[in-house]
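For what it's worth, my numbering labels the leading residue of the sequence shown as 9, then goes sequentially.
Note that beta-carbon positions come from the ideal geometry of N, C-alpha and C, so glycine has one too.
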Amino acid sequence: MTLIKHTGGWIKAHWPSIRIALLGVLLMLGSKLAESIVEELWPQHGEWIGYFLEHLGAVLVVGMLVRVAIEEGYQETFLGSVKEEVKKKIQDGIDQISKESLQPITNQLLHAKEDINQLDSSIQQLATALTYKITQNLDQDLRRVLEDGVLNSPFVRPEYSLNLKLQPFSNRDGSPSDILEVSVTTSYKVTNRSDERAKYLCESWLDDDIRPSGIRESQFTRFVFGKVGSDNKTHFLPVADILALEDDGKIFEHNGALHLKYEIEGIEKGSTYEVIVAGKQLMHRNDIFVWNVVTLTNKIDVTVQLTGGITQKDLDIFPRAIHHAAEQAAIDKTTDPTKVTMNLHQVFLPYQGVEVRWSPHVERKSSPGKLPQAPITTPS
């Protein structure tokens with residue numbers, strides 16, 4: 009009991025120093041976490057913030073240990089034998105050393121604050137300049153298109169997948185043809201980034217200009233959407249009735265294409281929906297499939313699947329991004345002989361997109377010999 013009382017009294021007597029030492033330990037432990045957080049916001053300042061916190065914590069811990077040691081070991085034998093003037097000089101010396109040790113760190117903090125203020129000012133100036141350029145130097149109609157479709161667009165699509173499945177098409181009498189049936193499936197997520205509820209117009213289309221039997225072969229086969237929950241899982245509504253959508257005029261023919269237009273009502277602020285649309289159309293064995301986006305989209309993944317006995321030995325597949333950074337697209341033709349993929353994780357503006365060309369594969373024979381070269385002459 010006496011030991012507990014003695015320990016409690018010791019802790020109480022030195023509690024201010026213990027608290028400061030504990031703060032130092034927390035600063036050292038949290039220095040790496042603070043460094044990683046600051047690097048995400050200001051990459052140039054993360055390292056010295058971690059350095060500052062770690063060393064400040066060490067200074068506090070060592071300083072408090074020294075202080076407690078002095079108080080415990082020398083309080084009666086040392087401090088009791090010196091005069092008040094000497095005590096004051098010792099305290100003044102400690103204060104001066106602390107001030108000199110912390111002054112460089114304080115200066116770094118002041119410089120960092122100045123750098124952050126300058127950076128913020130530069131960003132504001134850049135935003136002001138860009139806004140001026142857009143509002144003053146663009147045609148009014150063009151400016152309206154940019155503002156509605158890009159700058160002030162209420163919706164953005166964080167991801168977009170386009171899947172094509174190519175397979176041979178047989179005529180209705182069973183005879184083979186030089187036509188491919190192309191199944192088109194799009195799957196994407198769309199987020200309402202406005203400050204209020206909004207409605208989103210789902211748009212899709214299929215080519216309808218090839219009719220070998222004189223009737224429409226193109227058709228939508230699936231349309232479904234649902235809200236993405238906090239668990240990142242989509243809670244889909246029942247699949248839409250395709251025939252009912254045609255009867256309601258939400259699926260219609262126009263200018264050699266079959267269109268689907270459907271508005272999702274009441275999408276809450278900040279919420280995300282997932283939309284899946286599938287259909288099929290006919291295309292030639294030597295053809296080009298063009299697909300553009302109508303909403304600001306962060307990335308597009310394209311997959312071309314060959315089925316029905318077709319492989320890359322039969323068809324050459326050439327995907328390409330219709331995009332200002334098209335050369336950065338990652339294209340894979342080697343992993344699977346029946347599959348070609350393309351990924352471009354860059355922002356796609358409205359009316360940008362992708363195209364996929366294909367044609368019958370032709371073996372290119374190598375030349376048996378080198379072509380003769382013209383003689384090299386030097387000017388006289």
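DSSP places Leu172 in the strand class (E or B) of the three-state scheme. When DSSP states are grouped into helix, strand and coil, Arg328 belongs to the strand group.
For the 9 Å CB-CB criterion, Asp217 and Ala265 form a contact. In this structure, the alpha-carbon of Lys341 lies about 41 Å from that of Glu276.
DSSP, reduced to helix, strand and coil, places Gln354 outside both helices and strands of the structure shown, so it counts as coil.
Within the model, the alpha-carbon separation for Leu304 versus Pro24 is close to 57 Å. In this structure, the straight-line span from the alpha carbon of Ser195 to that of Cys210 is close to 11 Å. Rounded to whole angstroms, the gap between the alpha carbons of Met291 and Lys307 is 26 Å. Per DSSP, Pro162 has no beta bridge partner at all. Taking one beta carbon from each stretch, the stretch 166-176 and the stretch 315-326 have 3 or more pairs nearer than 8 Å; the two touch.
Bounds of any alpha helix (DSSP H) do not take in Ala333, whose DSSP letter is neither H nor E.
A check of alpha carbon separations from Ile318 across Val190, Leu170, Ser44 identifies Val190 as the nearest. Contact between Ala338 and Asn351 holds, since their C-beta atoms are separated by about 5 Å, short of 8 Å. Between the C-alpha atoms of Leu170 and Arg27 there is a straight-line separation of about 59 Å.
Check the Cα spacing between Glu273 and each of Ser178, Pro162, Thr349, Ala206: the tightest is with Ala206. The DSSP-derived three-state label of Ser195 is strand. Taking the C-beta atoms as reference points, Thr343 is found no nearer than 9 Å to Gln313.
The beta carbon of Val198 sits closer than 6 Å to those of Phe163, Arg165, Tyr208, Tyr281, all from its chain and outside the five residues before and after it, given in chain order. Shown here, Gly38 sits in a helix according to DSSP, grouped into three states.
The C-beta separation of Thr242 from Gly287 comes to about 20 Å, leaving the pair out of contact by the 8 Å criterion. A direct Cα-Cα distance of roughly 25 Å separates Ile45 from Gln354.
Between Gln320 and Val301, the gap from beta carbon to beta carbon reaches 9 Å or more. Cβ-Cβ separation between Val283 and Phe233: approximately 4 Å, consistent with a contact (criterion under 8 Å).
When DSSP states are grouped into helix, strand and coil, Asp149 belongs to the helix group. Beta-carbon to beta-carbon, Phe260 and Ala248 are separated by about 15 Å, too far to satisfy the 8 Å threshold. If you draw a straight line from the Cα of Asp255 to the Cα of Asp239, it comes to about 36 Å. Residue burial annotation: Tyr168 is buried, with at least 16 other C-beta atoms found within 10 angstroms of its C-beta.
Around Lys258, the same chain offers Leu268, Lys269, Tyr270 as residues with beta carbons nearer than 7 Å, after the five sequence neighbours per side are excluded.
Contact check for Gly278 against Arg365 fails: the beta carbons are separated by 9 Å or more.
For Ser367, the beta-bridge partners assigned by DSSP are Asp324.
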